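In my numbering, each number is its position in the sequence shown, counted from 1, plus 142.
Backbone N, C-alpha and C define an ideal beta-carbon position, used for all residues, glycine too.
What you are looking at is a predicted structure, and each value in this text was computed from that prediction instead of being measured.
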Amino acid sequence: MADEKTSKPWAGRFQKAADPALESFSSSVHFDRRLWRQDLRGSVAHARMLAKQGILDESEAETLVRGLERVGRELADGTLELDPAAEDIHMNVERRLYTLVGDVAGKLHSGRSRNDQVATDLALWMRDEIPRLRRVLLDLRSVLVERATGEVDVILPGYTHLQRAQPVRLAHHWLAHFEALSRDDSRLRDARARISHSPLGAGALAGTTLPLDRDATALELGFEAPARNSLDAISSRDAALELLSNTAILMIHLSRICEELVLWNSSEFGFVEMDDSFSTGSSLMPQKKNPDVAELVRGKSGRVVGDLVSLLVTMKGLPLAYNRDMQEDKEPLFDAVETACACLEVLSGTIRTLRVNRQAMAAAAADPMLLATDLAEHLVEARVPFREAHEVVGRIVAHALDAGAPLSALSRDTLTGFHPALDIDPATFFSAERSLEARSLVGGPARKAVDAALREAQRLIETTREELGATGDPA
Ligand code: ARG
């Protein structure tokens, strides 16, 4: 009896049992079991509210709450076996409650539908998970700042089109990635702040005739207020899409960092070496040490983008309000968050333990060609229009290439022959260090600018750390 009521609460209307093929096809408990904590929290809040509103007796609510707590303990220690025939986590919980407390369990669902229940659970889950994701992201951001702090003096070429362009400090480079990841953090924070309205009490789609107190459950569950529109509360999945797209953007950033690490780790670049503890070997070629972590993270970014696309396409074309298609929202969401957390964790370790080959970087940055722009800008300071300066320096570059000599080997006379304002000492002018120090604008690679950026980064890290607190539940 209890079984029938809970695994098929709609059995009254049906004359035949479900075909076993349908039963396993429609079941979601193997993945939505992850929502059990949130599901229990929502049910406890709902039961207490029902009693306050006089829909249940206090003692009935007490029985339900104690039963739900027991279900929680059984789920936590893994003793409760979940049954796919009871479709999802919501019905599995209710079914177990029946066994524990008897028919009063049938009162819990008063004024509630699985539609508002699952929307509430998912919102609570995202509110719980976003701080966890932000915390592992904070670890990687801290690693980048630590590296930057120790690598202000390391100079390497900055690249455009993967061609050596101009020298930068390695600290400046790490801080560039820090900036992107800080925006990711801020997007995650915003996304969580927007998950502020409780779907609970929206019922199947049009509320309920019972006198629920939606404000009470909303506040009890940590939301700001009840969702304003019952149809929207049931049918929206934009918070999940937002979290997925934030996660996808984050993964694209990680992928780009990883692509760079793969390049830098190659013999062709030789800029870095990954620590043995974050590398793998080849089963065939004994000499190899592969940057598999970086490649895997790069690969997994595709998977997370797929998660986002999966839910976007699932939602496209669905009319209001709940449609069963929406059960497909959970796996991509869970996968994206899980994948991003795992990637952040291994990438933090990989970058923390990376060995930087300062000599290789410096040698690559020492090519005087990288300072051709400086030469043009020297002419601009002598009032030469930039376009003309560019042309003059272009001819000097062609001349040097023709002569097979570096720019720094051209004599002062040769240079002034191209333009009288090029009366410089090539030996001091073509130094990467001098060039860097001349780039002292805000956001630039000069030591002064990098030091200021480092202080700002430290401050940002502290702010995030305080916000996430020891328990990580931001207000
Ligand atoms: N397992 C369902 C889901 O995740 C719960 C909602 C079911 N609602 C319904 N009317 N069948 O979406």
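DSSP three-state assignment for TYR301, whether helix, strand or coil: In the three-state reduction of the DSSP assignment, TYR301 falls in the strand class.
- prompt: Which residues, in chain order, sit with a beta-carbon under 6 Å away from any heavy atom of the ligand ARG?
  reply: Residues flagged by the Cβ proximity filter: SER170, ASP174, ASP230, ARG256, ASN257, VAL260, TYR464, ARG466, MET468 and GLN469.
message: Quick check on the DSSP output: what are the complete alpha helix (DSSP H) runs of length 4 or more inside the region 348 to 431, in order along the chain?
response: As summarised for the region 348 to 431, the continuous alpha helix (DSSP H) elements at least 4 residues long and confined to that stretch are 356 to 362, 372 to 377 and 380 to 407, given in chain order.
- request: Return the bridge partner residues of SER340 from the DSSP annotation.
  value: Beta-bridge annotation (DSSP): SER340 is paired with PRO368.
query: What three-state label does DSSP hand GLN600 in the structure shown?
result: When secondary structure is reduced to three states using DSSP, GLN600 falls in the helix class.
- prompt: By Cβ distance below 8 Å, which residues in the same chain neighbour GLY349 in space, the five residues on each side in sequence not counted?
  reply: Around GLY349: GLY343 and SER372.
Contact set for ALA193: own chain, Cβ-Cβ below 6 Å, skip 5 residues either direction: Hits under 6 Å: GLU200 and ALA203.
- request: Pull up the distance between the alpha-carbon of ARG212 and that of ARG269, whole angstroms please.
  value: ARG212 and ARG269: Cα-Cα distance of roughly 24 Å.
message: Does HIS172 pass the burial test, meaning 16 or more other C-beta atoms within 10 Å, or should it be called exposed?
response: With fewer than 16 neighbouring CB atoms inside 10 Å of its own CB, HIS172 falls in the exposed class.
query: Does the region 271 to 279 come close enough to the region 532 to 550 to have 3 or more Cβ pairs within less than 8 Å?
result: A contact is defined here as three or more CB-CB pairs under 8 Å, and the region 271 to 279 fails this definition with respect to the region 532 to 550.
message: Which residue marks the beginning of the alpha helix (DSSP H) containing ILE272, and which one marks its end?
response: That run of the alpha helix (DSSP H) goes 256 to 292.
query: What span of residues does the alpha helix (DSSP H) with ASP544 cover, start to end?
result: Bounds of the alpha helix (DSSP H) holding ASP544 are 528 to 545.
query: Hey, is the region 334 to 341 in contact with the region 241 to 254, meaning 3+ C-beta pairs nearer than 8 Å?
result: At 8 Å Cβ cutoff, the stretches do not touch.
- prompt: Does the distance from the CB of ALA265 to the CB of ALA390 come in under 9 Å?
  reply: The criterion of a C-beta distance shorter than 9 Å is not satisfied by ALA265 and ALA390.
field: Helix, strand or coil at GLN469 [DSSP, three-state]
entry: Reduced to three states, the DSSP call for GLN469 is helix.
task: To the nearest angstrom, report how far apart LEU426 and GLU293 are at their CA atoms.
output: If I take the Cα positions, the gap works out to 36 Å.
- prompt: Is it true that the CB of ALA594 sits closer than 9 Å to the CB of ARG141?
  reply: The displayed coordinates of the chain run from 143 to 617. Any statement about residue 141 would go beyond what the structure contains.
Under 9 Å between C-beta atoms of TRP316 and ARG289: Against a cut-off of 9 Å, the Cβ pair of ARG289 and TRP316 comes out as a contact.
task: Pick out whichever of PHE528, ALA508 and GLU401 has its Cα sitting closest to the Cα of PRO548.
output: Out of PHE528, ALA508 and GLU401, the CA that lies nearest to the CA of PRO548 is found in ALA508.
Inter-residue Cα distance where the pair is VAL243 and ASP258: CA-CA distance, VAL243 to ASP258, rounds to 24 Å.
- request: Work out the CA separation of ASN499 and VAL414 for me, nearest whole Å.
  value: Going from the Cα of VAL414 to the Cα of ASN499 covers about 5 Å.
task: Report the partner residues of ARG497 according to the DSSP bridge assignment.
output: As DSSP reads the structure, ARG497 sits in a beta bridge with GLU415.
query: Would you call GLU410 buried or exposed, if buried means 16 or more other Cβ atoms sit within 10 Å of its Cβ?
result: With fewer than 16 other Cβ atoms within 10 Å, it is exposed.
query: Roughly how many whole angstroms lie between the Cα atoms of PHE320 and LEU312?
result: C-alpha separation (whole angstroms): 12 Å.
- prompt: What's the gap between the Cα of GLU229 and the Cα of SER149?
  reply: Each residue's Cα considered, the two are about 7 Å apart.
Rounded distance between the beta-carbons of PRO510 and SER553, thought under 8 Å: For a cut-off of 8 Å, the C-beta gap from SER553 to PRO510 is around 14 Å, too long to register as a contact.
task: Would you mind reading off the limits of the alpha helix (DSSP H) that contains VAL584?
output: Element bounds for VAL584: n/a, residue is neither H nor E.
message: Using a Cβ-Cβ cutoff of less than 7 Å, which residues in the same chain neighbour VAL584 once the five nearest sequence positions on both sides are dropped?
response: Result list for VAL584: ALA591, in chain order.
Distance, TRP406 Cα to ASP418 Cα: Rounded to the nearest angstrom, the two C-alpha atoms are 16 Å apart.
message: Check whether the region 386 to 403 and the region 353 to 366 are in contact - that is, three or more C-beta pairs closer than 8 Å.
response: No: fewer than three Cβ pairs fall under 8 Å.
Unbroken alpha helix (DSSP H) run spanning LYS194, endpoints: Here the alpha helix (DSSP H) through LYS194 covers 178 to 194.
task: Grab the span of the alpha helix (DSSP H) containing PRO461 for me, first residue to last.
output: It is not in any alpha helix (DSSP H) - PRO461 carries neither H nor E in the DSSP assignment.
- prompt: Under a Cβ-count criterion, where at least 16 other Cβ atoms within 10 Å of its own Cβ denotes burial, should LEU323 be classed as buried or exposed?
  reply: In summary, LEU323 is buried, with 16 or more beta-carbon neighbours lying within 10 Å of its beta-carbon over all protein chains present.
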